[in-house]
Each structure stands twice: as structure tokens, then as C-alpha cells.
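Q: Counting from 1, one number per residue, gives the positions in the sequence shown under my numbering. Ideal Cβ placement from N, Cα and C applies to all residues, glycine included. The structure presented is a predicted model; accordingly, all values stated were derived computationally and were not measured.
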Amino acid sequence: MFQPISTLSKEIDQRAEHDLRPIESRHLPTEVRPFIIAINALFIRVEQSMETQRRFVADSAHELRTPMTAISLQAERLSEAEMSELARERLQILRQGVNRGRNLLDQLLALAKVQSNPEFMKTLLPIQNIYYQVLEDLMPLAEAKQIDIGIEGKLNVQIWANELDLTMIVKNLVDNAIRYTPIGGRVDLSIIQRDNRMILQIQDNGPGISVAERERVLDPFYRILGNDQIGSGLGLSIVNAISKRLDAKIYFDFTDKETQTGLKIQISIPL
1 MFQPISTLSK
11 EIDQRAEHDL
21 RPIESRHLPT
31 EVRPFIIAIN
41 ALFIRVEQSM
51 ETQRRFVADS
61 AHELRTPMTA
71 ISLQAERLSE
81 AEMSELARER
91 LQILRQGVNR
101 GRNLLDQLLA
111 LAKVQSNPEF
121 MKTLLPIQNI
131 YYQVLEDLMP
141 LAEAKQIDIG
151 IEGKLNVQIW
161 ANELDLTMIV
171 KNLVDNAIRY
181 TPIGGRVDLS
191 IIQRDNRMIL
201 QIQDNGPGIS
211 VAERERVLDP
221 FYRILGNDQI
231 GSGLGLSIVN
241 AISKRLDAKI
251 YFDFTDKETQ
261 TGLKIQISIP
271 L
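1) Does the Cβ-Cβ distance between Ile192 and Ile127 come in under 8 angstroms?
2) Assign Asp204 to one of two classes, buried (16 or more other C-beta atoms within 10 Å of its C-beta) or exposed (fewer than that).
3) For Tyr251, which beta-bridge partners are listed by DSSP?
4) Check for me: the beta strand (DSSP E) holding Ala161 runs from which residue to which?
5) Cα-Cα, which of Gln107, Thr255, Met68 is closest to Pro207?
6) With 16 as the cutoff for other CB atoms within 10 Å, does Asn156 come out buried or exposed?
7) Measuring CA to CA, which of Ile149, Asn240, Ile93, Arg33 is closest to Glu136?
8) Helix, strand or coil: which one does DSSP assign to Arg90?
9) Alpha carbon to alpha carbon, what distance is there between Gln96 and Glu89?
10) Leu189 and Ile151 look like a contact to me (Cβ under 8 angstroms); what is the Cβ gap, rounded to whole Å?
11) List in chain order: all unbroken alpha helix (DSSP H) runs of 4+ residues lying wholly within the segment 24-79.
12) Run through the DSSP bridge pairs and tell me what Arg186 is partnered with.
13) Counting pairs of Cβ atoms below 8 angstroms between the segment 31-46 and the segment 4-23, do you hit three or more?
14) Specify the secondary structure class of Pro126 as computed by DSSP and reduced to three states.
15) Should the segment 64-78 be called in touch with the segment 29-39, which here means at least 3 C-beta pairs below 8 angstroms?
16) Compute the beta-carbon to beta-carbon distance between Glu76 and Thr123, rounded to the nearest angstrom, for a pair I have assumed lies under 8 angstroms.
17) Using DSSP with H/G/I as helix, E/B as strand and the rest coil, what is Leu200?
18) Take Ile267 as the anchor and find which of Asp247, Gln260, Thr259, Thr69 has the nearest alpha-carbon.
19) When you compare each of Ile199, Gly184, Leu111, Thr167 to Leu141 by their alpha carbons, which one comes out closest?
20) Tell me whether Gln193 sits in a helix, a strand or coil according to DSSP, three-state version.
21) Determine the DSSP secondary structure at Thr261, reduced to helix, strand or coil.
22) Would you report the Cα separation of Val211 and Tyr222, rounded to the nearest angstrom?
So this is what it looks like as C-alpha cells:
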């Protein structure tokens, strides 16, 4: 009687946190089936609740993009008008706030899209193309802080994956590294092949993340205490959601272990 229950327990324990498929009860003892039916009903309610939440976030972000874009355009036009130096400074602050709002909406939409689509089409991708594309997109941000950013080692590696997935992972990690690295700092991208896994590695010489906060930083909107860097707190949440879909593991470490500074992030993806 207990062997099927033990097998079921192991099967459920191995499921991913968002795997809410109904539990098959035909092979279980009759006495246990009402309990399984109740659990399956709970799974359905949880899935419906999660889907409602995802739709709300996506719809809200989508609806807010239009007025945010309109405000941005009006601010752009206003910048061409004659005004005092004080007014121009305040306009610049306004434009920065609008840009942060647009970035937040874009990341909310990206997170909702990742969570609502369990699988995308996969192709054989050369990782170096992803790295070069991301560096090209984010180079202005790095140059504004005079950050030495580049790629280390050989990149002749290919993997079966979705291009958008990998691009979003790398772009969010590099964007975070640039934002938290001080002026004149350094950000390095590299690839490591180990056994049957490929490891994307991004490291910087910023403040790093303490061991106590490394799990929390993957939560949506979580911000490290005492850090005044402006951001949405969604970048690592997006990386985490995509990594789960790829069956990838995320590892945090200090770039310099002696001083416990700098952040080294590795995304270990099965080949």
C-alpha cells in the first residue's frame, strides 16, 4: 500500500515550483484518491490565480506604456524650448524619471512574457553572437561610466536554446554589472565548458552581494539594503525565471574573495 505513495512523494518532490500538473491517482490505493482529488483541485485554483496575476501585470504594464511614451515625447519637445538653467535641470530630472518608468514597464512585460510562455522555439546558437549583441546595445551605458567592459577567453561555443531567452539573461546580467560597478570599473564576460554544461560568467569589481542576500535578490522588486543605485529590482528575477525554464543553475560569488568585493555570476546550462 505504501510503495505507490512513496513513489508519488519522490515524483512530486522533483517537480519544479511552477509545475502544477494534476497528479495521476489510478495507481494509488482507493483510500488515498479523495486526498489526491482535493490536491488537484487546489493545483487548478493556484494555477488560475497565478495566471490572473500574470495577466494583470502584463495588461497594466501594456496600458501604461502609451501614456508614458506620450510624456516622454512631450518632455523631448519641451527640451527644445528656451528656458532658465534651473528649469532645464528640473526637466532633466523629469526625463530621467520617465526613462526609469519606461524601463520598469519593459521589464514587467518581459517578466510576464517569460512566466506565461513555458517554451520557445530553440535553435543552435553561437554564444559569441549573443555576447557581441549585448555589448553593442549596452556600450553607451558602459562608456558613460568609463567602464572597461569586454570578453575574455575563447567563445567558440554553441548551444540549443531560444535566442531571446539567452539574450535576456546576458543583457540583464551585464546591465546590472554596469549599473553597480563604480566609475572607471571593469566588467568581464566569459564562457566556461565543464563536463556536459556550459557556464555563462559575468563578473565585475563593484560592491558584490553578501551571502545572506543572494537568495533574496532573485525575488521580484527586491533591492539590496543600503544601496542607492536606481533600478527596478526585476533584472535578476527575469534571469531566474528563464534559468528555471532552461533547467539552468545560478551561482553567486565574490570576484575578489579576500576583500569580499565584486560580483561573479555564473549561469550553468545543460548542453
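A: This is what the structure holds:
1) Here residue 192 corresponds to residue number 192 of the sequence shown, with the count starting at 1. Here residue 127 corresponds to residue number 127 of the sequence shown, with the count starting at 1. The answer is no: Cβ separation not under 8 angstroms.
2) If you number the sequence shown from 1, residue 204 lands on position 204. The residue in question, Asp204, is buried, as its Cβ has 16 or more Cβ neighbours within 10 Å.
3) What you label residue 251 is simply residue 251 of the sequence shown in a count that begins at 1. Tyr251 pairs with Gln266.
4) Sequence index remark: in the sequence shown, residue 161 carries index 161 (1-based). First-last of the beta strand (DSSP E) with Ala161: 158-161.
5) Locating residue 207 in the sequence shown gives position 207, where the first residue counts as 1. Checking every option, the nearest Cα to that of Pro207 belongs to Thr255.
6) As a first step, residue 156 is located in the sequence shown; it is residue number 156 there, counting from the start. It counts as exposed.
7) Within the sequence shown, numbered from 1, the residue matching residue 136 stands at position 136. Minimum Cα distance to Glu136 is reached at Ile149.
8) Your numbering for residue 90 matches position 90 in the sequence shown. It is helical.
9) Start at 1 with the first residue of the sequence shown, and residue 89 comes out as number 89. Start at 1 with the first residue of the sequence shown, and residue 96 comes out as number 96. Answer to the nearest angstrom: the Cα atoms are 11 angstroms apart.
10) Against the sequence shown, residue 189 aligns to sequence position 189. Against the sequence shown, residue 151 aligns to sequence position 151. 5 angstroms between Cβ atoms; contact.
11) 33-78
12) Mapped onto the sequence shown, residue 186 falls at position 186. In DSSP, Arg186 forms a bridge with Asp148.
13) yes
14) Along the sequence shown, read from residue 1 onward, the residue named residue 126 stands at position 126. In this structure, Pro126 counts as strand in the three-state DSSP scheme.
15) no
16) Position 76 of the sequence shown, counted from the start, is the residue given in the question as residue 76. Position 123 of the sequence shown, counted from the start, is the residue given in the question as residue 123. Between Thr123 and Glu76 the Cβ distance is about 38 angstroms, and since that is not below 8 angstroms, they are no contact.
17) As a position in the sequence shown, residue 200 is number 200, starting the count at 1. Strand.
18) Along the sequence shown, one-based indexing puts residue 267 at 267. Nearest option by C-alpha distance: Asp247.
19) Locating residue 141 in the sequence shown gives position 141, counting from the first residue. For Leu141, the nearest C-alpha among the options comes from Gly184.
20) Taking the sequence shown and counting its residues from 1, the one referred to as residue 193 is at position 193. Residue state, collapsed to three classes: strand.
21) Locating residue 261 in the sequence shown gives position 261, where the first residue counts as 1. In this structure, Thr261 counts as strand in the three-state DSSP scheme.
22) Locating residue 211 in the sequence shown gives position 211, counting from the first residue. Locating residue 222 in the sequence shown gives position 222, counting from the first residue. In a straight line, the C-alpha of Val211 is about 15 angstroms away from that of Tyr222.
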